[in-house]
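To start, the structure itself, in structure tokens.
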Amino acid sequence: MKFHRKRLVISSLEASDALYLTIEHKRSSDLEDEDSHSSIVHDSVASPGSCLSRILPRRIQRKFKKLQDSQREWATGVLLCAYGTSIILFINVVLTITAASMSYSKYQSQGYNYLALYQGNCSTSKNLARGMHGLINVLSTLMLAASNYCMQCLSAPSRQSIDEAHAQRKWMHIGVPSLKNLRSIGLKSQILWTLLCITSVPIHAIYNSTVFSTLATREYGIYVASSDFDPNGPPKGNLAYPNCFDEHAAENMSDFYSKIPTFDKLPISKCQDAYAVDFNPNRGTVILVTNSPKAGNTSLLYTGTGNWPDRVGDPKNWGYSWMCSGSDCSREMLEENTKSAHGKWSISAELDYSPTSRVVESTVSHCLSEKVDEKCQFLFSLPLCLAVILCNSIKVLAMFLTAHGSRREVLLTIGDAMSSFLSNPDKTTVGNCLLSKSSIQASESWKPSSVSAHILQKGRQATLPKRQRWVYSVSRRDWILLIIIITLVFSLSGYLLASTIIGLSDSNKDSLRGIWNLGFGTVSPSAIMRTNSYSTYYRFLPTVLLANAPQIIVSMAYFLYNSTLTSMLIATEYDGYGTDRKPLRVSWPKGLQRSTYYLSLPYRYSICLLSASAALHWLISQSLFFVAIIPHSIDGTPTPNSERVTCGFSPLSIIFAMSLGVLMVGAILALGMRRFKSNIPLAGSCSAAISAACHPLSDDEHALRPIMWGEVQIPRAEPASLPLGTNEETGTSESELDARGREARRDQSIQESGVSLLVRDDMSDDSGASYGHCSFTSHEVITPSPLRRYA
């Protein structure tokens, strides 16, 4: 079969059809002054145009205009990131100075490691910490997003660096974060990229721990009173009675009795709810009024203390074990005993602490409970705040230095690269129109081609590839790295979950209800890390780093996940030009080009990914979290030697975090199974493969118009006039184009059905060429045939 193609005259000023002729005529004057006639969308969003003119000072607007005139438009986004990060730095400095001033003026005799901003109600201190953590997450997200944008701009290649790499038969990444590109961006850019990267690690590790709340718990005295107990005054005639208060109650007898009228009278159920808690913040002395007559010769008997400071956080030593008859006691056991006794609560009391002492059991009628002020604290760490400010300052400096770099024509997106290659084709990839990223990575030939009249014959001839799945747009190495980091995350999560469940009480570990009742991020003695040292000074920083270590690991997983998703979506955008004619999506549009609102991920993906990532980070912060427990003695003074700084676990949060992680992994695998719509070779982010597909074989302003990928007409050496009824750009009649398109689609459908097709070398046109050529072009294209060779 032989295709007959008419001779043609190629003009760089003609459009491919009547529509483009009309557009060309309409925009002929606009193209002369593109700076003042760029797209409306770009003016209002991507460039410092009408929208920003009402916000930014004129000095900054003039700086943006200067960057555009010097072909350094990419630096505009970097400058905006630098200004935004400077605002965050200002907020951090102001908050730190204000917090330090308030703390030192309000609370005296404080150390340097962490300072108190509030002391009182535990709910208030916890809500203050949550609110500040919300603000910190917003600031850190904005700071890290700006940092990542600048890092991607630094690693993005310029056209000059791509030409130099291609001349050495090397290629660079376009449109994705890349470590490979760092070798070609210069020493200064490498240093700036490294600074931005390194300063992100402390922000992940310590920013959330700059503020935190402490849990205050209080020791209390336990008394058993007879039914005839008189709260209005002590019994008379017992000389040893007052000495008992001085020794055990940490106050004299008169003060003790003067407070009793202020005690709350609690029924049995509320009394148990108030004192059968892991950490007691707001209850003091408790008097258990029984139905029994006088115990010994007194109506009030001291039996000991509860919630001992030296046993805080120890699951094997319940602070309320006095409420049960046996040595073991738990909330569930107490409820079960009371229920089996038909609502009655019996306690045991020892009359005398001597070898001849005897224990009596009494039934509790009600309780008299002392309500005390809560002493939970909201603290901030000045050293950690200063470390965050230092990292923030380095980022601001690195961003401004990046914006003042000398690089020109930086290609941030594949649209930028395609626009550059269509406007100025790359000679090193001529004759390799079906070059793909996988063929280059497999070390197949990317042969040099000399510029001559027969340049296409010296290229590599290839056949059209089959439609592939999205998963193949990501390199095997990237998939392996993603699988390794995801496996690590799930392994650590599973180990932490198993360890936490094993450490729970028997009544909790065997029921989902028991695990659910623990809640999100709730401190429980059975779900905190065991430590041998109670020193808060030496354990503070290591504990903070340990509590935030999962955040760093998940951030690494997010980086790989984002890179994988970006690679697939870049390939999808690239593939879309094989089925539809549309303008290029570029950073700074000209002509009919579209403006880009993002570097790599469309909003419908990026918003979902950012939301899932934020939720995952929050769940992880509730799964492994910083815990500071400050015990107080009976008189309400802190006991420094019993303070505990450690990490807490939450099995429920771990389960939810793992479930969300499974959904995210399932989502990216499901996307990977989708098929591309066209047979365009997978270029991915490979600059050489993108360049190879941008040889339209005619000098025209293809990049400024809507383009499409497909088989194009190879130009003749000698132009001639065209007969009527032919396409003026290709020299092929419309009926021929339609027929060839139908044949190509038929061959493609047969190939996709699994039937093998024999590639024929005798398929040539009247010029004798036994190959075709595919390219992005604004001219007419036809669907390539799987039976034809292309170069």
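Our numbering runs 242 ahead of the 1-based position in the sequence shown.
Heads up, the beta-carbon is just placed ideally off N, CA and C, and yes, glycines get one too.
Item, Value
"Cβ contact (3+ pairs, closer than 8 Å) linking the segment 877-884 and the segment 620-631", "no"
"Rounded straight-line distance, which links the Cα of residue 378 to that of residue 387", "14 Å"
"Endpoints, the alpha helix (DSSP H) within which residue 898 is located", "893-914"
"For residue 815, the three-state DSSP class (helix, strand or coil)", "helix"
"Candidates 796, 870 and 1033: closest to residue 730 by CA position", "796"
"Strand pairing of residue 847, partner residues [DSSP]", "Answer by DSSP bridge pairing: none, since residue 847 is not bridged."
"Proximity to residue 938 [Cα-Cα], best of 576, 955 and 382", "955"
"Within 8 Å, strictly: CB atoms of residue 922 and residue 820", "yes"
"Three-way DSSP call (helix, strand, coil) for residue 528 in this model", "strand"
"CB contact flag (residue 926, residue 732, <8 Å)", "no"
"Exposed unless 16 or more other CB atoms sit within 10 angstroms - verdict on residue 340", "exposed"
"Per-residue burial, residue 932 [other beta carbons within 10 Å of its own, 16 or more giving buried]", "buried"
"C-alpha distance - residue 326 paired with residue 633, whole-angstrom precision", "15 Å"
"Cβ contact (3+ pairs, closer than 8 Å) linking the segment 645-661 and the segment 893-900", "no"
"Rounded straight-line distance, which links the Cα of residue 835 to that of residue 784", "53 Å"
"Spatially closest choice to residue 952 from 908, 928, 905 and 1032, by CA coordinates", "1032"
"Pick from 901, 675 and 720 that is closest to residue 857, judged by C-alpha positions", "901"
"Paired residues, beta bridge with residue 613 - DSSP", "525"
"For residue 393, the three-state DSSP class (helix, strand or coil)", "helix"
"Own chain, CB closer than 6 Å to residue 1016, minus 5 neighbours either side, in chain order", "675, 953, 1026 and 1032"
"Separation of residue 504 from residue 474, as counted between CA atoms", "11 Å"
"Three-state secondary structure (DSSP) of residue 514", "helix"
"Beta-bridge pairing of residue 649 - partner residues as DSSP gives them", "Looking at the DSSP assignment, residue 649 forms no beta bridge with any residue, so it has no partner."
"Cutoff 8 Å: residue 925 Cβ touching any chain D Cβ", "Absent here is chain D; the protein component of the structure consists of one chain."
"Inter-residue CB distance, residue 765 and residue 869 (contact presumed, cutoff 8 Å)", "5 Å"
"Residues sharing a beta bridge with residue 604, DSSP", "589"
"Beta-carbon gap between residue 867 and residue 356 smaller than 8 Å", "no"
"Where residue 416 sits in the DSSP three-state scheme", "coil"
"Beta-carbon gap between residue 188 and residue 414 smaller than 8 Å", "In the structure as shown, the chain begins at 243 and stops at 1033. Residue 188 is therefore absent and cannot be evaluated."
"CA nearest to the CA of residue 565, picked from 513, 543 and 652", "513"
"Beta-bridge partners of residue 888, as assigned by DSSP", "869"
"Supposed contact pair residue 915 and residue 713 - C-beta distance, whole angstroms, cut 8 Å", "7 Å"
"Separation of residue 671 from residue 850, as counted between CA atoms", "38 Å"
"Cα-Cα separation, residue 397 to residue 642", "16 Å"
"Paired residues, beta bridge with residue 361 - DSSP", "619"
"Reference residue 573; option with closest CA among 616, 651, 760 and 500", "760"
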